[in-house]
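Remarks on the structure that follows.
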Amino acid sequence: MKEIVINPITRLEGHGKIIIVLDDEGNCKKAYLQIPEIRGFEKFAEGRHVEDMPQITSRICGVCPMAHHMASTKTLDDLFKVQPTSPAKKIREMVYNVFMLEDHALHVYFLGGPDFIVGPNAPKEQRNMLGVVAKVGKEVGLKVIEMRKNLRKTNELIAGRTIHPVFGVPGGVSRPISAQEAEEIKKLGDESVNFALFTLKVFKDIVLSNKEYVDLITSDAYTHKTYYMGLVDEKNRVNFYDGKLRVTSPSGKEFAKFDAHEYLEHIAEHVEPWTYVKFPFLKKVGWKGFVEGEDSGVMSVAPLARLNASDGMATPRAQEAYEEMFKTLGGKPVHYTLANHWARIVETIYAAERFRELAYDPEITDPNIRNLPTATPEAGIGVDEAPRGTLIHHYETDARGVVKKANLLVATQHNSARMALSVDKAARSLIKGGKVDDGMLNMVEMAFRAYDPCHACGTHTLPGSMPFMIDVYDENGTLIETVKRNLP
Amino acid sequence: MSGQFEPKIALFACNWCTYAALDLAGTSRMKYPPNFRVIRVMCSGRIDPQFVVEAFRDGADGVLVAGCHLGDCHYIEGNYKALRRMTLLRKMLENMGIEKERLRLEWISASEAARFVQIAREMVEQIKTLGPLAPRLQVNA
Amino acid sequence: MSEEPKVGVFVCHCGMNIAGTISVKEVVEYSKTLPHVVEAKEYLFMCSAPGQDLIKESVKKSGLNRVVVAACSPSMHEPTFRRAVEEAGLNQYLLEMVNIREQSSWVHSDEKQKATEQTKDLIRMAVAKASLLEPLEDLRFGVQPAALILGGGVAGLRASLDLAERGYRVHLVEELPTLGGRAARLGKLAHVDMRGPEMVGSLIKAVVSNPNVTAHVNSEVTGLDGSVGYFKANIRYKPRFVDAKCTLCGECFRVCPVEVPNEYEFGISKRRAIYLPFKEAYPPVAVIDSETCTRCGECVKVCEPHAIDLDETGHDQEAIAGGVILATGFSPYEPPEGEYGYGRSKRVLTLFQLERLLDEGGPTGGELILEGSTPRTLAFIMCVGSLGTTKNAHQYCSRMCCASALKNMLRIKDRYPETEIYAIYKDIRTYGRGDEKLYEGAAEHLVKFIMFDTPPTVNMRSEKLEVEVHDATLQEDLLIPVDAVVLAVGMSPSQSLPKVRNVVKVGCSPEGFLREAHLKLRPVEAPSDGIFFAGSVTSPKNVIESVMAGSASAAKAAALFGKEEVRIEPMIAQVTEEICSGCAICIAMCPYGAISRKQKGEKRVAEVDKALCKACGACVATCPSGAMQQAGFKDVQMMAQIAALTEKRGA
Amino acid sequence: MMDKPKIAMYWCASCGGCEEATVDIAERILDLVNVVDIVFWPVALDFKEKDVEKLPDGSIAASLINGGVRVTDHEHMVKILRRKSKIVVAYGACSAWGGIPGLCNLYAEREFLERAYHEVPTVDNPQRLTPQRSVTVEGVELTLPEVLPRLLPLNRVIDVDYYVPGCPPTADVTWRAVQILLSGNLPPKGSVIGASEKSLCDECPLNETKPDKVLIQDLKRPYEVIADPEKCLLTQGLLCLGPATRGGCGALCVKARMPCTGCFGPLDRVSDYGAKAASFIASILDFQDEEAIEKVIDRLPDPVGTFYRYTLASSSLGGKARRK
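Protein chains in written order, with the numbering used here: chain G, -10 to 477; chain L, 640 to 780; chain P, 36 to 686; chain H, -15 to 308.
Take a look at the structure:
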């Protein structure tokens, strides 16, 4: 039996590697995704001042710090039994959509995007942000960079910082928005919507017009019939900031709809001894191992899942894109992992439109941004939709607001079981006869990157695509072949 | 060293009261355990919590911070600053698993040699029962 | 100092004092192995001439640039070795002493090996610190040969006169409208056939007639800048409304419509809003109490010499001095209302009120008359406000009250032989010269002495008072009907002290009196250079002791004024402006107001006034960025000393 | 002349915020890639030593390493990187002092494994499994790196040449640091580069609002008060650690009306940030009597997490003392 180790496929909360086990014919027998790191946030949260949690937990992920900061801030609202003032709630939601927009854009153009915009089989040197710039033109490239920069500057202004924000306090936000700041923000809101629509156009022109890509998206290798979960508003439309959690089944029926406070009745985590990541699953279905289908509790989150779990989008242009996507891909639910890229663009449009709506809301400059808590803290639960899926924070404190217990369900984690499936399936269908080449590895990698797990980032943000190094061992564990890519 | 654990105690003494009290203990030929290592400062108000944690890191099993009695400071109020700093520091040390007996703050006037001797004996005994600190800090040695 | 440190270690045997306990050989050999140590020597008596020569030679021969001396306490011989180091051509502050006698050999003589180990540790720590020592220069300040004296009582007057007679300028500042202080309001004094006002009066005359003295009466020091050698004081003259043209004809007193209790007579008599505090007050000029004066102008109308100006506002005056003497005295213990019936019955009075009653210069011309009659039985309750007799009482003994009470008992017996007197005491302390005679005298005159453990109670039975006390000697309860009760109250720290301490930065003891640099060795000096104490500002004193302290403080001040400059140890705080962010945290840390923020570019940074810094280091321990450091006690130096607590391999 | 200098970036236990920060230099990246080769090097993680050994020593101009050393693989790898790099830069708070994940040094590693895999309410783990160093599944041995007893800052494992502070370093700080590294004339070893020499107050818009005497009567927690935006937060009783914290960020948090929590770490002359921060805060508490002092200090239930938020792992004690 041979074993192939791919280091690292990417990093989630740390680093990841894939072990591909070949049978005697050299076909993939099984592939494992390992996350070999842990940092112990749930533990060292204990003893901290609970109001520090929004800033502490944002350090779980520097790519989506706003998602943690916001989930944590909402947990504080719940814990201190205080609602944010209406202006504060709007400021929060606006900032949050700016963040979703900026983060999705990053992925669309520079992380996952290159696989499609430049093309999966394009030379690796081009499969990166510079490749994208070459393909769509320098001014577009710079426009993207500029856009992202302005969006992040805006959030720095309001939230204090973009990476690890500080503005979240129970009952509101720490800083109001001045009238002339609001003028700038409105302008940016307009630009954002144009930018988002432009992005959809690029995607259509380059991806959808290319049959090869569409086949790829719909290919069996990237298809899994699992449950889908996401936050929805009162009309079951996608919402990133707040709402109820809705779960739809592989056949597209509503399976559950619940308030975050009931998460313990619906979600459990499975533990494997060979990886540090835990595998959340639907409690009421149960853990049946790494298998798909109605009977397996394996679920999926993030853009495609959110769209699958919803009945539509709350803004007009996003709703159009939503309908178009499902129409093109054969109706809900869509089980093609790679459709996440498209779904992400639908969400990009929603984020931009929602951002503009709030930017133009007069209340956004109202100085009444805080309700001071009076209740004694006890326990709180908060939820939001990170770019990479549902985020749930749950704290218990003593009367002085010192954390006694914390539980954190991190976005990417909800996808870990399905990711393992994807990797396994991709490896099985792509690695045959012990033949391992670069393009094939990229396919395996794509299966993974589609989920945009935190830090797929790193590898694609700059020239040179993800470095690879594969050892093929024989049964005695001696190295018989080494495939290298992008190594000095 | 003998098998018996001999604690090492860093003693930060203010020049005007405690240091003088130590001298008085000497001139009056009093006896107390030889476990103290005196570090002289002009005033207990000069004692920086950094000194204390550094002392623990560098092998002290205990730290005794001593100055003039409250209201009797040579520099009017330096010992109040020591009091505030050490109160906060002791709380931090406890949260870091260092028993409060290991950091002691005492007011010992120039004439209170006998009182120092009694405190010294007491502290050495307490720390002997607590045992050495160093091995509990070398986690990644 | 960038050059490589070369440390010499010198270990003293002090005869057998050290060598008898500590194995000096072993210590010396060990010292040689320490980083930067190029030489380690021992000697029988390092402080002796040959011992010092040994150090000097080594410095010269082996080019030492740091010296560590392990011997006795620095309080003993640091000056000696600093001199030696200086004579060897090194900066005197490149010396570090290790105290292995008082703090090792003498206290650990029965644990020789452990004491030797301890000594090695201490030397290792000292060497680590010494290697980082830097040369320092003493601070030097010129001296103004003039004194600023606060308080015009006997102590302040005595100090003023002594200094003036030595030819030094004196600014004597008295807060009240008259000089003389408490002693000027005593009746007949003990042992001398003289009234308080007469005695003090003679002193006042001598002082005010001396051209070197400027007496600022009815004035306060409202600001004091600078430090030893050069103080700049702001003296605030309160309005008196009456000038020197006043002849004390008394017309104005007659017409003034306002009448209030006279505080100078402790409330036993009344005064007008325009008044003279007491007969012998100095200057002999009336004064108007602006609080109670209604500005009706009646006095102005009747004043022939036109001495009154109701629009006077007072003024400020500056005074320069090289040293300051605080002689602001004490305040009598004021019993809370109801303590021994005080404040409830006019027949319960304090010793100070009695003094006024018995003084022929007093309101009754010396007649002991209470509510129109002379009491026939009197109880003196002693130790009121002292020896912790009541919950408000001080723990200390006020020292003067026993003698003073006894003196007054004798005067009463002398004037009204029939009077029956009880002395109810916790303890009788007639320690002063000749005071024992007062006690014997009282006994001879059949004053009845009753000792108590639990303080007596004073009950008011209609007209009569009765004192209820358990006689600790006879072990029986007594009920004594009396016509009057005298409370022998003690001394409290002066009520004006908080005001004074706002201006002159000095500490006080737990009792609330000012704190000396050293109780026994420097009893009239403040811890801060150039500030001296006279009289009862530091503890209860009788007249004799106060006058002595006055002279003593004058002598100290004179010794200062005799120099043309003073040298101060340079262990003061210093700011590194390049890293000071001007966060201002240090400023509030300084008890002497030595730190301020100065403009540097468009920002501000901390600045230390060398003259005001007293080297406590509180700001250094606080400075959050390490920009503030103390010469000779820098963080790096302290940290090196601490880091050497245990031996580090390879270190 | 020859090829552009190589700059490697390696991450240990970090959140990725440091990489994001480098991305935030935005269009300046394009200038940068003209002068250097940026070799992102995540692959190094599980690289076998022998493979890295093949690289000539010192062949990497500079390695920017972020994240604290949490597992054996990190430890192993940074040691190799040290040999291969001319300059090693501890980039970001975690690498420089352990950062927020360093707070786990208040617990033994088994305690947080216990918490994560057995205790949390969502966990469904009937066989009480815990991730293992090595397990064999279907005949294949799967190994995981070992979790170290304590998270270590980079300089407790290898020799570090320079430090870039911040959680994360801001784009400007990063850009300044990179320029210093490229400039050729390098500051003394051990220097903190890209940030300020002074504490945050120096660049804080509210510094000049301080009274001359900064004394505080109470310690307030941020959720308890609405701060006056025109007044220094510290003087309002909010625990702003700006005075003890290196400047360079431009007082971002204060501008958002939140107190500085110290992510830029200590200044050059401070050896233990937490002890120093505690020292200055305790010193300015305007209380004399012991009970009052105890009382106001009890307003702060978690002084360690407050003063050592980013520097516990690099503090004198490094974390919690082990039980006997």
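Virtual Cβ for every residue (Gly too), placed ideally from N, Cα, C.
Spatial neighbours of residue i in its chain, beta-carbon cut-off 7 Å, leaving aside the 5 residues before and after
i	result
residue 121 of chain G	98, 99, 102, 103, 106, 107 and 130
residue 30 of chain H	Confidence in residue 30 of chain H is poor, its pLDDT being 31 and thus under 50, which makes the residue's placement unreliable; the coordinate value appears in the next sentence. For residue 30 of chain H, where only same-chain residues beyond five positions count, the Cβ hits under 7 Å are 57.
residue 281 of chain P	320, 321, 340 and 342
residue 311 of chain G	296, 301, 302 and 335
residue 231 of chain P	218, 219, 220, 221, 222 and 224
residue 714 of chain L	682 and 684
Where the alpha helix (DSSP H) through residue i begins and ends
i	result
residue 309 of chain H	In the structure as shown, chain H starts at -15 and stops at 308, and residue 309 of chain H therefore has no counterpart that could be examined.
residue 78 of chain H	77 to 81
residue 718 of chain L	717 to 734
residue 595 of chain P	578 to 597
residue 485 of chain P	It is not in any alpha helix (DSSP H) - residue 485 of chain P instead sits in the beta strand (DSSP E) that spans 483 to 486.
Cβ-based burial, residue i [other Cβ within 10 Å; buried from 16]
i	result
residue 497 of chain P	exposed
residue 644 of chain L	exposed
residue 613 of chain P	exposed
residue 243 of chain G	exposed
residue 404 of chain P	exposed
residue 656 of chain L	buried
residue 84 of chain P	exposed
residue 43 of chain P	buried
residue 93 of chain G	buried
Nonlocal neighbours in the same chain, by C-beta distance under 8 Å from residue i, ignoring five residues either side
i	result
residue 133 of chain H	92 and 93
residue 465 of chain P	437, 438, 441, 471, 473 and 474
residue 210 of chain G	414, 415, 418, 419, 432 and 436
residue 348 of chain P	274
Contact set for residue i: own chain, Cβ-Cβ below 6 Å, skip 5 residues either direction
i	result
residue 776 of chain L	none
residue 412 of chain P	455, 517 and 518
residue 624 of chain P	653, 654 and 657
residue 390 of chain P	221 and 222
residue 266 of chain H	none
residue 51 of chain G	152
Residues from the region 213 to 227 of chain H in contact with chain P, defined by Cβ distance under 7 Å: 227
Contact list for the region 719 to 742 of chain L against chain H, Cβ threshold 7 Å: 719, 720, 722, 723, 724, 726, 727, 728, 730, 731, 734, 735, 736 and 737
The region 203 to 222 of chain G / the region 358 to 369 of chain G touching (three or more Cβ pairs under 8 Å): no
Proximal residues, the region 674 to 701 of chain L versus chain H, C-beta separation under 8 Å: 687, 688, 689, 691, 692, 693, 695 and 696
Stretch pair the region 191 to 208 of chain P + the region 234 to 247 of chain P: three plus CB contacts closer than 8 Å: yes
Segment contact flag, the region 182 to 198 of chain H with the region 223 to 239 of chain H, C-beta cutoff 8 Å, min 3 pairs: yes
Validate contact between the region 712 to 722 of chain L and the region 664 to 677 of chain L using beta carbons, cut 8 Å, 3 pairs: no
Validate contact between the region 25 to 45 of chain G and the region 57 to 74 of chain G using beta carbons, cut 8 Å, 3 pairs: yes
Interface positions of the region 183 to 199 of chain H facing chain G (Cβ-Cβ less than 8 Å), listed along the chain: none
Stretch pair the region 336 to 356 of chain G + the region 167 to 175 of chain G: three plus CB contacts closer than 8 Å: yes
Residues in the region 761 to 772 of chain L having any Cβ partner in chain H nearer than 9 Å: 769, 770 and 772
The region 198 to 205 of chain H touching the region 277 to 290 of chain H, judged by at least three CB pairs closer than 8 Å: yes
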